[in-house]
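Per the working numbering, residue 15 is the first one in the sequence shown, and the count goes up by one each step.
Note that the Cβ used here is the ideal one computed from N, Cα and C, for glycine as well.
Treat the numbers as computed from the prediction; the structure is a model and nothing was measured.
Quick notes on the structure that follows.
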Amino acid sequence: MKTDTRKHVFFRLSAPYPALIQAASAALLCAALALPLLNGCATATSAAEYYSIGMAYYDVGKFEEAEKWLNRARAADRTQVASEYQLGRIAFETGRFQEAAGYFESVLKRDPENLLALKAAAYTRIKTGDLELADRHYRKVLTLEPESADNGYNYALVLYAMERYADAEKVLSGHQFALLDSSDSLLLFARTQKAQGKVEAMDNYAKWLANNTDPQVRYEYAQMLEAEELYARSLEEYRSVLNELSSSVSGTLKRTDLRFAIGRLLLIADSESSEGISELQGAVAEGYSDFEAMEKLLEDERISAANKTSLSIVINDARKALEEAEEPEEEEEEAAEAAAETGEE
C-alpha cells in the first residue's frame with residue numbers, strides 16, 4: 015500500500031485558552047523574542063504566565079525550554095488541560111509518540127469530548143501502532159464532527175490498515191464531495207474496493223490516474239484490469255509503468271516484478287506465443303528470483319503445454335545460476351570461519 019499521501023494536520027490549530035496568552039506580562043515578551051536568559055526580565059508568578067512563556071518558546075521551536083515552563087503551568091488546575099495538550103504536541107514534534115499519546119489521553123480523562131485532544135490522540139496512536147486505540151478515538155471524533163471529510167479520511171486510513179476494507183469504504187462513501195475534490199480520498203476509496211475484489215475499483219483508479227501519476231498506482235490499476243481479464247489494456251498499463259520507472263526500483267516496485275507480470279500476462283493472454291517466455295527470461299536475467307510465483311504458473315490451465323515446458327527450463331536454469339552464484343560466498347564464509355577458529359587456537 016502506498017503510504018498514505020495526505021498530510022495529517024491536527025496541530026495547525028490555535029492554542030486553547032487564548033486568553034492566557036493575551037494575559038501574559040513582560041515575561042511573555044522576553045520569551046517571544048527568544049532571549050537566552052529569562053531571569054533578567056521574567057517575573058512570572060502565576061500558572062497563566064508560565065503557560066504563556068512555554069507557548070512562546072514552543073512557537074520559536076525551543077521545545078526543551080517550552081516543556082520546562084509548561085510543566086510548571088501544569089501544576090495548576092486552570093492551565094492543566096491546556097498544558098498537557100501542548101506537552102503532547104511537543105512530544106509528538108520530537109518523535110516521542112508514546113509519551114505524546116499519554117498526554118493527549120490524560121486530557122481526555124478529564125475532558126472526554128475535547129475534539130483537539132481526540133484528533134491528536136487518534137493520529138498519535140497510528141504512529142505508535144495501536145490501531146485499536148486509534149479506531150476508538152476516531153469513532154468518537156466522527157460522532158462529534160460527522161461532517162468532516164478530513165476526519166473521515168483519517169479514520170478510513172486506520173480501518174484500511176486494520177484490513178477492515180468494507181468499513182473503510184463505507185466511511186469514505188459518506189463524503190462523496192471529498193471523493194470528487196480530494197485525490198487522496200479517491201485513491202484510498204479505489205484501494206478499499208480493490209482489496210474487496212470490486213470491479214468498481216477500476217473506474218476509480220482510472221479517475222485518479224486521469225489527474226495524477228504514480229507508478230505504484232498504475233501498477234495496481236493494471237492488476238485490476240488483468241483480474242477482470244482485460245488483457246490488452248492491462249498489458250498497456252504494465253508497459254507504461256515499466257517505462258515510468260526511472261531506476262530498477264521505485265519505492266517497493268521493481269522492474270523485475272513488472273517484467274514478470276508482463277511475461278505472465280502474455281503467457282495467459284496468448285498461449286501459443288513464446289513472447290511471454292522471452293519476457294520471463296529477461297526478468298530472470300535482471301535478477302527476478304521468486305521461484306514460487308514462477309512455479310505457480312505451471313499449474314495455470316490457461317498456459318499451453320509447450321510454454322510450460324519452456325517455463326520449466328527457465329526455472330531450472332535460474333535455480334542453477336543462483337546456486338552457482340551462492341557457492342563462492344559460502345566458500346568465503348567457510349574460509350573466514352576456519353581462519354577465525356585457527357586464530358582462537
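Residues of its chain near residue i, where Cβ-Cβ distance is below 7 Å and the 5 sequence neighbours each way are ignored
{"i": "R285", "result": "For clarity, residue 285 is Ser in the given sequence; the question names Arg instead. Answer for S285: R316, I317, S318, N321, listed in chain order."}
{"i": "L239", "result": "M216, R247, S248, E251"}
{"i": "T138", "result": "F106, F111, A114, A115, F118"}
{"i": "A175", "result": "L145"}
{"i": "T270", "result": "A297, E300, G301, Y302"}
{"i": "K154", "result": "L132"}
{"i": "V185", "result": "G166, Y169, A170, L173"}
{"i": "L147", "result": "R139"}
{"i": "N225", "result": "S197"}
{"i": "L311", "result": "R278, L281, I317, L325"}
{"i": "Q207", "result": "E183, E214, A215, N218"}
{"i": "P229", "result": "V255, E258, L259, S264, L267"}
{"i": "Q295", "result": "V328"}
{"i": "H151", "result": "L132, A135, A136, R139"}
{"i": "E309", "result": "I329"}
{"i": "T142", "result": "F111, Q112, A115"}
Residue from the options with nearest C-alpha to residue i
{"i": "E289", "options": "E300, S324, A307", "result": "S324"}
{"i": "Y71", "options": "S60, Q94, L101, V95", "result": "L101"}
{"i": "A170", "options": "F77, F191, D198, G143", "result": "D198"}
{"i": "E234", "options": "E243, N226, Y219, N225", "result": "Y219"}
{"i": "F305", "options": "A283, K334, I282, L280", "result": "K334"}
{"i": "L129", "options": "P160, K221, K212, A61", "result": "P160"}
{"i": "K212", "options": "Y179, R150, D195", "result": "Y179"}
{"i": "L122", "options": "Y99, E337, T142, G109", "result": "Y99"}
{"i": "A283", "options": "Q295, M308, A241", "result": "A241"}
{"i": "L193", "options": "A209, K221, Q210", "result": "K221"}
{"i": "F203", "options": "D195, I276, S187", "result": "S187"}
{"i": "R205", "options": "S120, Q237, E309", "result": "Q237"}
Chain C within 9 Å of residue i, Cβ atoms only
{"i": "Y235", "result": "Absent here is chain C; the protein component of the structure consists of one chain."}
Cβ distance (whole Å) where residue i is taken to contact residue j below 8 Å
{"i": "N168", "j": "A136", "result": "7 Å"}
{"i": "D11", "j": "L173", "result": "No statement about residue 11 is possible, as the shown extent of the chain runs from 15 to 359 and does not include it."}
{"i": "V328", "j": "I291", "result": "7 Å"}
{"i": "E293", "j": "R273", "result": "6 Å"}
{"i": "I104", "j": "A80", "result": "6 Å"}
{"i": "E127", "j": "L158", "result": "6 Å"}
Same chain, Cβ closer than 6 Å to residue i, neighbours up to 5 away in sequence not counted
{"i": "A33", "result": "Residue placement at A33 is poorly supported in this model, since its pLDDT is 39, which falls under 50; the coordinates are not used for a value here."}
{"i": "K76", "result": "none"}
{"i": "Q36", "result": "Bear in mind that a pLDDT of 37 at Q36, under 50, signals an unreliable position, so the number given afterwards is only what the model happens to contain. Around Q36: no qualifying Cβ."}
{"i": "Q210", "result": "Y179"}
{"i": "L201", "result": "W222"}
{"i": "A362", "result": "No answer is possible for residue 362: it lies beyond the span of the chain, which begins at 15 and ends at 359."}
{"i": "D149", "result": "V172"}
Neighbourhood of residue i by C-beta distance below 8 Å, restricted to the same chain and skipping five residues each side
{"i": "R26", "result": "With a pLDDT of 34 at R26, under the threshold of 50, the modelled position of that residue is not reliable, and the figure given next carries that caveat. Result list for R26: empty, nothing under 8 Å."}
{"i": "D125", "result": "V95, A131"}
{"i": "H189", "result": "A163, G166, Y167, S199"}
{"i": "R232", "result": "L223, E251, S254, V255, E258"}
{"i": "E177", "result": "A209"}
{"i": "T108", "result": "F77"}
{"i": "D331", "result": "V298"}
Start-to-end residues for the alpha helix (DSSP H) that takes in residue i
{"i": "K212", "result": "It is not in any alpha helix (DSSP H) - K212 carries neither H nor E in the DSSP assignment."}
{"i": "E119", "result": "111 to 124"}
{"i": "H7", "result": "Because the chain here runs from 15 to 359, residue 7 falls outside it and cannot be looked at."}
{"i": "R86", "result": "77 to 87"}
{"i": "V74", "result": "Counting along the chain, V74 falls outside any alpha helix (DSSP H), and DSSP gives it neither H nor E."}
{"i": "N257", "result": "245 to 258"}
{"i": "D164", "result": "163 to 175"}
{"i": "D271", "result": "269 to 283"}
{"i": "E286", "result": "Unbroken run through E286: none, as it is neither H nor E."}
{"i": "I140", "result": "129 to 142"}
{"i": "Y7", "result": "Not covered by the structure: residue 7. The range shown for the chain is 15 to 359."}
{"i": "S187", "result": "179 to 187"}
{"i": "D195", "result": "190 to 195"}
{"i": "E240", "result": "229 to 241"}
Residue i: CB within 8 Å of a non-hydrogen atom of the ligand ATP
{"i": "Y233", "result": "In the structure on display, the ligand ATP does not appear, and there are no ligands present to speak of."}
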